[in-house]
Amino acid sequence: MAVSGACHCGDTAFAIDADIPQELTRCTCSFCAKRGALWAYYQPAQFRLASPAVHSVTYRWRTNNVAHNFCSRCGCGTFSDSPDFQTDGTWDGVTRRIGVNAHLFDDFDAATAAVIVIDGKNLW
Ligand SMILES: [Zn+2]
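Numbered according to the numbering used here, the sequence shown terminates at residue 155, and the numbering increases by one at each position without gaps.
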């Protein structure tokens, strides 16, 4: 089943060729703690931006390894392109993943979903 979603103003929309994960992820790193996103992770090929890329702005910090995107109009955090980190913080150096802010999914209440916590504060 495909998933769709959009930011608050609708300038940034996306489609995903996969289901919503059974568990969303909350990360404790300094950025995620302030943003407050609940992440749904996908393979890059499963994620498609359904709006002009120019509507997205990218924020990078520290290693610049992760592209955190947000809507240039309404400011909602939308999706992040990052290394496919394992739960111990390791990465094979190649595989990427897309973390999508599950709060933006259509017809879905992320606040009631099961959540796992990753220790980003200490891992990276
Ligand atoms: Zn927007």
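C-beta atoms are modelled at their ideal positions from N, C-alpha and C, and glycine is treated no differently.
At what residues does the alpha helix (DSSP H) containing residue i begin and finish?
| i | result |
| --- | --- |
| glycine 151 | 151-154 |
| cysteine 63 | 61-66 |
Look at the Cβ atom of residue i, then the Cβ atom of residue j, and state whether they are nearer than 9 Å.
| i | j | result |
| --- | --- | --- |
| phenylalanine 45 | alanine 81 | yes |
| leucine 69 | arginine 57 | yes |
| cysteine 38 | cysteine 105 | yes |
| threonine 126 | aspartate 115 | yes |
| asparagine 153 | threonine 59 | yes |
Going along the chain, which residues of its own chain have a beta-carbon closer than 6 Å to the beta-carbon of residue i, five neighbours each way excluded?
| i | result |
| --- | --- |
| valine 97 | Ser111, Ser113 |
| alanine 144 | Leu55 |
In terms of residue numbering, what span does the beta strand (DSSP E) encompassing residue i cover?
| i | result |
| --- | --- |
| alanine 44 | 44-47 |
| glycine 36 | 34-37 |
| serine 82 | That residue, serine 82, is in no beta strand (DSSP E); it is neither H nor E in DSSP. |
| cysteine 58 | 54-58 |
| valine 88 | 87-90 |
| alanine 141 | Taken as a continuous stretch (DSSP letters only), alanine 141 belongs to no beta strand (DSSP E), as it is neither H nor E. |
| tryptophan 70 | 70-73 |
What are the partner residues of residue i, as DSSP defines its beta bridges?
| i | result |
| --- | --- |
| serine 111 | His99, Gly130 |
| phenylalanine 78 | Ile47 |
| valine 146 | Leu55 |
Might you give, ordered along the chain, the residues of its own chain that have their beta carbon closer than 7 Å to the beta carbon of residue i, omitting 5 neighbours on each side?
| i | result |
| --- | --- |
| aspartate 48 | Ala33, Gln77 |
| histidine 134 | Ala68, Leu69, Ala141 |
Give me, in chain order, the residues of the same chain whose beta-carbon lies closer than 8 Å to that of residue i; leave out the 5 immediate sequence neighbours on both sides.
| i | result |
| --- | --- |
| cysteine 102 | Cys38, His39, Cys40, Asp42, Thr43, His86, Ser87, Val88, Thr109 |
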